[in-house]
Structure formats: C-alpha cells, structure tokens
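Okay, so here's the structure we're looking at.
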Amino acid sequence: VQLQASGGGLVQPGGSLRLSCAASGSISGINVMGWYRQAPGKQRELVAGITSGGNTYYADSVKGRFTISSDNAKNTVYLQMNSLKPEDTAVYYCRVVLRTDHNYWGQGTLVTVSS
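Numbered per the numbering used here, the sequence shown finishes at 658, counting up by one with no gaps.
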C-alpha cells in the first residue's frame with residue numbers, strides 16, 4: 544500500500560490550505576484514515592481522523608478550523624485547513640488503517656504558516 548500526500552505549502556496566517564492523500568495498492572478495505580503532524584522539536588500528534596462509516600474526530604487545537612473528509616471510492620482523504628496559525632506549521636502525515644489492522648504512513652507534506 545502506498546500513500547501519496549500533497550497540498551502543503553507556504554500560507555499567511557489566517558489563510559487556508561487543502562491537503563490530499565491517496566492510497567493505492569493492495570487495499571482490502573480501509574477502517575480509518577487520518578492526518579497527523581509533527582512540528583520541529585515536537586512529537587507527532589493526531590490532527591484528525593475519519594472512519595469508513597464517516598465518523599470524524601479532531602484534536603482540540605484544530606476543532607472548528609480544520610475539516611477532514613474522504614472519498615471512499617478513490618481511497619482518498621482530505622484535510623481542509625482554514626484560519627491557519629503559525630503554530631500549525633508542521634510536516635503533515637496521512638495514515639491509513641486497514642481492516643486487517645495493518646497501517647501505513649504517507650511521506651509527509653510541509654505546511655508553513657508565516658507572514
């Protein structure tokens with residue numbers, strides 16, 4: 544299984560970005576898709592997740608600003624990020640957990656929020 548993430552970049556505070564992550568390969572069924580991030584000098588943390596049934600959950604720090612969604616037919620997960628803050632600067636990673644309980648990580652995409 545391969546995950547290809549895209550959509551990162553440089554944005555000013557208050558701006559928006561949309562991340563995408565497409566899964567390909569031998570996928571028997573996806574249980575959960577999610578986004579994590581790792582800022583310099585910090586541990587990787589969960590940002591948001593979405594189950595195959597459409598249930599979503601978010602870190603408190605992004606609630607009301609970020610929205611996770613998925614296209615199950617395309618095995619793709621999205622993260623719409625609005626009202627971005629400098630503290631959102633990090634490398635964002637997508638993660639997929641299959642129904643077999645195997646999990647896979649994308650390569651990471653850098654989001655920089657700066658004026």
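Where is the CB? At the ideal position from N, CA and C, for every residue including glycine.
- In the structure shown, Asp631 adopts helical secondary structure according to DSSP, grouped into three states.
- Using a 10 angstroms sphere on the CB of Ala616, the tally of other CB atoms stays under 16, which defines it as exposed.
- Annotation for Asp614: the continuous beta strand (DSSP E) segment containing it runs Phe609 to Asp614.
- Beta-bridge pairing by DSSP links Thr599 to Ile593.
- In the DSSP assignment, Thr643 falls outside any beta strand (DSSP E), carrying neither H nor E.
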